[in-house]
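Undergrad: First residue of the sequence shown? That's 9 in my numbering, and the numbers climb one at a time after it.
Below are the structure tokens for one structure; questions will follow.
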Amino acid sequence: MDTFASSAPIDAGLDAAIIGANSEYQVGVALMATDGGDVHQYGVEEPFEAASTAKILTAAAYYHLVEEGSASLDDPLGAFTSEFQIQAMVQDSNNESWSLLMAAVGLSELSEYAASIDVTYDSEVNTLSTAEMAHILAELFEGRLLDQEHTEQLLSYMQDTNYENLIPAAVPDGITVFHKYGLLDDELADAAILSMSSGSYVLVVFTKGADLSDIPERTVVIQEITKAVTAALS
9 MDTFASSAPI
19 DAGLDAAIIG
29 ANSEYQVGVA
39 LMATDGGDVH
49 QYGVEEPFEA
59 ASTAKILTAA
69 AYYHLVEEGS
79 ASLDDPLGAF
89 TSEFQIQAMV
99 QDSNNESWSL
109 LMAAVGLSEL
119 SEYAASIDVT
129 YDSEVNTLST
139 AEMAHILAEL
149 FEGRLLDQEH
159 TEQLLSYMQD
169 TNYENLIPAA
179 VPDGITVFHK
189 YGLLDDELAD
199 AAILSMSSGS
209 YVLVVFTKGA
219 DLSDIPERTV
229 VIQEITKAVT
239 AALS
């Protein structure tokens, strides 16, 4: 059953937030239940520059190598272990760690891994649609990408991150958030798993503005969208 088939409050709330923002910025939203059903997209559906949200895909690809036996979390990578670099890449959004991990996976292999989970990804352009990002997070949360140990480890790195003022800042008490934000030039994004009593959902919000000057305004847009979604789902 599609959780959102009759979700008029969500549609109305998101439409208001997105239409209000889309006159000044490009805004794309994807929403889905993690346990199945369709991805619902609002606003811009075409791929955005994924910025640092794509680090989750790189992390999953490296864990996949570990599970295949062709890599280890104890492998030296730069000055530290690959496990350290994954945590730095996800929790602190460290770009040097990202470069090291992408090189360890291999750029073409990263694209092949993405294709194996039904995602079109080229690291040279680093674009993803909101629907593709939502799919990655739902598959991760439901344990369809990685084994339980690696799933739990990666999700733990998606909490207490170095940038908590987008989706996490707008979520009411009682909802657990696992997320990865992205901030690059004119791109501001957050991709989150929301675990609540009514179920677990993925909310992805990608925005494209003029430059860094409108980050405060777009932060409010992401927070308003989050409030509309959580109010309707709670």
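We put the beta carbon where it would ideally sit given N, CA and C, even for glycine.
Buried or exposed for residue 46, going by 16 or more other Cβ atoms inside 10 Å?
TA: Exposed, by the Cβ-count rule.
Undergrad: Could you name the residues of the same chain whose beta carbon sits closer than 6 Å to that of residue 96, not counting the 5 residues immediately before and after it, in chain order?
TA: Once the five neighbours on either side are set aside, the close Cβ partners of residue 96 are 102 and 105.
Undergrad: Is residue 24 helix, strand or coil when you go by DSSP?
TA: In this structure, residue 24 counts as helix in the three-state DSSP scheme.
Undergrad: Applying the criterion that 16 or more other CB atoms from any shown protein chain within 10 Å of the CB defines a buried residue, is residue 88 buried or exposed?
TA: Residue 88 should be labelled exposed.
Undergrad: To which residues of the same chain is residue 154 closer than 6 Å at the C-beta, ignoring the five residues directly before and after it?
TA: 71, listed in sequence order.
Undergrad: Would you kindly report the start and end of the unbroken alpha helix (DSSP H) that includes residue 125?
TA: Segment: none, residue 125 is in no alpha helix (DSSP H) and carries neither H nor E.
Undergrad: What is the DSSP secondary structure of residue 179, counted as helix, strand or coil?
TA: In this structure, residue 179 counts as coil in the three-state DSSP scheme.
Undergrad: Mapping the DSSP letters down to three states, classify residue 141 as helix, strand or coil.
TA: Looking at residue 141 - three-state DSSP - the assignment turns out to be helix.
Undergrad: Taking the C-alpha atoms as reference points, what is the distance between residue 91 and residue 99?
TA: Approximately 12 Å, taken between the alpha carbons.
Undergrad: What's the C-alpha gap between residue 206 and residue 241?
TA: Going by the C-alpha atoms only, they are around 7 Å apart.
Undergrad: Have a look at residue 126 and residue 174 and give me their C-alpha separation to the nearest angstrom.
TA: Whole-angstrom Cα-Cα distance: 27 Å.
Undergrad: On the CB-based measure, 16 or more other CB atoms within 10 Å of its CB, does residue 123 come out buried or exposed?
TA: Classification of residue 123: exposed, given that the 10 Å Cβ count is below 16.
Undergrad: According to the Cβ coordinates, are residue 36 and residue 56 closer than 8 Å?
TA: Their beta carbons are under 8 Å apart, which means residue 36 touches residue 56 by this criterion.
Undergrad: Can you list, in chain order, the residues of its chain with a C-beta nearer than 8 Å to that of residue 42? Leave out the 5 residues immediately preceding and following it.
TA: Same-chain partners within the cutoff: 145, 146, 149, 150, 201, 207, 208, 209 and 210.
Undergrad: Skipping 5 residues on each side, what residues in its chain have a beta carbon closer than 7 Å to that of residue 198?
TA: If we look at residue 198 and ignore the five residues flanking it on each side, its Cβ neighbours are 174, 175, 187, 189, 213 and 230.
Undergrad: Alpha carbon to alpha carbon, how far is residue 121 from residue 114?
TA: Cα to Cα, residue 121 sits roughly 10 Å from residue 114.
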